[in-house]
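Sequential numbering from 401 applies to the sequence shown in this note's numbering. Note that CB positions come from ideal geometry on N, CA and C, so glycine has one too.
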Amino acid sequence: MPSQRQIRYFLTVAELGSFTSAANTLFVAQPALSRQIALLEETVGFLLFKREPRGVSLTPSGALLYERFSSLEKTIASAIEEGKQLDQGQSGVLRLLHSSSIPMDSLLPIIHQFTGEAAQARIDLDRISSELQISEIAQGKADAGVIRLPVLRRDPDVRIIPLPPERLWVAVPENHQLAGSETTTLQQLADFRFVSAVHRERGGLARRVTDLCLARGFVPQLAAVISRKTSMLALVAAGFGIAVIPEGIARQKIPGLTCIQLTDEDADAASALVTARTPTPLAQRFIDLALNYWKPETK
Numbered sequence: 401m402p403s404q405r406q407i408r409y410f411l412t413v414a415e416l417g418s419f420t421s422a423a424n425t426l427f428v429a430q431p432a433l434s435r436q437i438a439l440l441e442e443t444v445g446f447l448l449f450k451r452e453p454r455g456v457s458l459t460p461s462g463a464l465l466y467e468r469f470s471s472l473e474k475t476i477a478s479a480i481e482e483g484k485q486l487d488q489g490q491s492g493v494l495r496l497l498h499s500s501s502i503p504m505d506s507l508l509p510i511i512h513q514f515t516g517e518a519a520q521a522r523i524d525l526d527r528i529s530s531e532l533q534i535s536e537i538a539q540g541k542a543d544a545g546v547i548r549l550p551v552l553r554r555d556p557d558v559r560i561i562p563l564p565p566e567r568l569w570v571a572v573p574e575n576h577q578l579a580g581s582e583t584t585t586l587q588q589l590a591d592f593r594f595v596s597a598v599h600r601e602r603g604g605l606a607r608r609v610t611d612l613c614l615a616r617g618f619v620p621q622l623a624a625v626i627s628r629k630t631s632m633l634a635l636v637a638a639g640f641g642i643a644v645i646p647e648g649i650a651r652q653k654i655p656g657l658t659c660i661q662l663t664d665e666d667a668d669a670a671s672a673l674v675t676a677r678t679p680t681p682l683a684q685r686f687i688d689l690a691l692n693y694w695k696p697e698t699k
């Protein structure tokens with residue numbers, strides 16, 4: 401196979417039409433240049449140049465090789481540039497996950513900034529549970545995620561970066577007896593039915609809410625219909641029960657719902673960023689932007 405040096409020498413001679421001019425451009429001795437071209441002709445098995453009184457011109461076979469080599473050189477240069485962009489977190493695909501209790505509204509500012517800074521990059525976004533996010537990242541199937549704490553299972557290959565906790569509110573049907581209240585407490589929810597239920601093998605928001613209720617001496621009563629996803633808000637609006645939700649979701653205007661702030665000091669739920677111990681450049685860029693966006697407020 402021709403060496404990269406031989407290809408570069410051949411292209412330069414072909415473009416300048418002169419061994420002398422090519423040698424000067426390449427900063428090599430003309431005999432060394434001629435020797436490399438001769439070796440290239442020996443490798444390919446045909447003459448590349450016709451010697452003329454004022455330089456050289458390509459043979460038909462040489463012209464074909466020039467066309468192919470020129471395209472190859474551009475492909476190599478393009479591949480190198482793409483590699484640099486990928487290494488610097490400027491291009492590629494970021495496989496990003498988020499849990500159902502992390503609303504898209506809270507992610508969009510970071511995503512906008514990310515795509516603005518890395519215009520050649522693309523984000524593949526999916527919504528799965530916090531535990532599954534850790535598993536996907538550990539297996540190399542995802543690059544970064546935003547989870548709701550707590551999580552029951554961790555992985556030594558996955559880094560969990562806690563974020564500032566978010567206040568909790570309670571969502572009730574608009575005709576509920578609490579609907580006229582501006583604030584309430586967790587204890588006052590003991591007699592109502594919840595449309596969310598804790599999963600025995602998962603953490604997340606439902607487990608956090610259950611733990612808070614248990615600390616007050618009661619187990620959340622389950623509604624006739626329950627959901628562990630954001631569809632639980634539709635169940636609340638339909639009158640099946642209530643749901644404790646993060647402030648980011650409560651601030652959204654949802655028809656049929658009234659959201660009431662919980663005043664308990666510990667009525668909050670933390671989230672976290674997750675990524676591999678050695679993140680991809682794109683994942684690290686996202687993590688840096690997210691940490692800057694979600695950094696704790698200084699008093």
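query = Going by the beta-carbon positions, is the gap between Leu497 and Ile528 smaller than 8 Å?
reply = The Cβ atoms of Leu497 and Ile528 sit closer than 8 Å to each other.
message = Applying the 10 Å Cβ sphere with the 16-neighbour rule, what's the burial state of Pro655?
response = So Pro655 counts as exposed.
Inter-residue spacing [alpha-carbon to alpha-carbon] between Lys653 and Ala615 = When rounded, the distance between both Cα atoms is 31 Å.
request  = Starting from the C-beta of Arg553, find all residues in its chain whose C-beta is less than 7 Å away, skip the five residues before and the five after it, and write them out in chain order.
outcome  = Sequence-distant partners of Arg553 (beyond 5 residues in either direction) whose C-beta falls short of 7 Å from its own C-beta, in its chain, are Glu531 and Ile534.
message = Going by C-alpha to C-alpha distance, which of Ala638, Thr420, Arg454 and Val493 sits closest to Gln684?
response = The shortest C-alpha to C-alpha distance from Gln684 to any of Ala638, Thr420, Arg454 and Val493 is the one to Val493.
query = What distance in whole Å lies between the Cβ atoms of Pro550 and Arg468, which are believed to be in contact at a cut-off of 8 Å?
reply = Contact doesn't hold; Cβ gap of about 59 Å is too wide.
request  = May I have a chain-ordered list of the beta strand (DSSP E) segments no shorter than 3 residues that lie completely inside the stretch 513-544?
outcome  = Counting whole runs of 3 or more residues, the stretch 513-544 contains the beta strand (DSSP E) stretches 520-527.
message = Using a Cβ-Cβ cutoff of less than 6 Å, which residues in the same chain neighbour Val609 once the five nearest sequence positions on both sides are dropped?
response = These residues qualify, in order along the chain: Val644.
ask   = How big is the Cα-Cα spacing for Leu465 and Tyr693?
value = The straight-line gap from Cα to Cα measures roughly 53 Å.
query = Alpha carbon to alpha carbon, how far is Val674 from Ala544?
reply = Near 6 Å, if we compare the C-alpha coordinates of Ala544 and Val674.
task = Run the CB neighbour count on Glu566, radius 10 Å, all protein chains shown included, and call it buried at 16 or more, exposed below.
result = If you draw a 10 Å sphere on the C-beta of Glu566, you find 16 or more other C-beta atoms in it, and that means buried.
ask   = Going by the CB atoms, is the gap between Arg600 and Arg677 shorter than 8 Å?
value = Against a cut-off of 8 Å, the Cβ pair of Arg600 and Arg677 comes out as no contact.
query = Can you pull the DSSP bridge partners for Cys659?
reply = The partner list for Cys659 (beta bridge, DSSP) reads Ala571.
query = In whole angstroms, what separates the C-alpha of Met632 from that of Pro573?
reply = The C-alpha of Met632 lies about 12 Å from the C-alpha of Pro573.
inquiry  = Assuming Pro503 is part of the alpha helix (DSSP H), what are its boundary residues?
reply    = Run containing Pro503: none; DSSP gives neither H nor E here.
ask   = Could you give the residue range of the beta strand (DSSP E) that holds Ser671?
value = Taken as a continuous stretch (DSSP letters only), the beta strand (DSSP E) holding Ser671 covers Ser671 to Ala676.
inquiry  = Please identify the residue among Met504, Phe514 and Ala634 whose C-alpha is closest to the C-alpha of Ala571.
reply    = For Ala571, the closest of Met504, Phe514 and Ala634 by C-alpha to C-alpha distance is Ala634.
task = May I ask you to report which of helix, strand or coil DSSP gives Tyr693?
result = Helix.
inquiry  = What would DSSP say about Pro679, mapped onto helix, strand or coil?
reply    = Of the three classes helix, strand and coil, the one that applies to Pro679 here is coil, per DSSP.
task = Within the same chain, show all residues whose beta-carbon is closer than 8 Å to that of Ser470, passing over the 5 residues directly before and after it, in chain order.
result = Excluding sequence positions up to five before and after Ser470, its CB lies within less than 8 Å of the CB of Leu411, all in the same chain and listed in chain order.
Where Leu691 falls, given that 16 or more other Cβ within 10 Å makes a residue buried = Classification of Leu691: exposed, given that the 10 Å Cβ count is below 16.
ask   = How is Gln621 classed by DSSP in three states: helix, strand or coil?
value = DSSP places Gln621 in strand when its eight states are reduced to three.
ask   = Got a sec: does the ligand ADP put a non-hydrogen atom nearer than 7 Å to the Cβ of Glu531?
value = Although the ligand ADP was asked about, the structure shown includes no ligands whatsoever.
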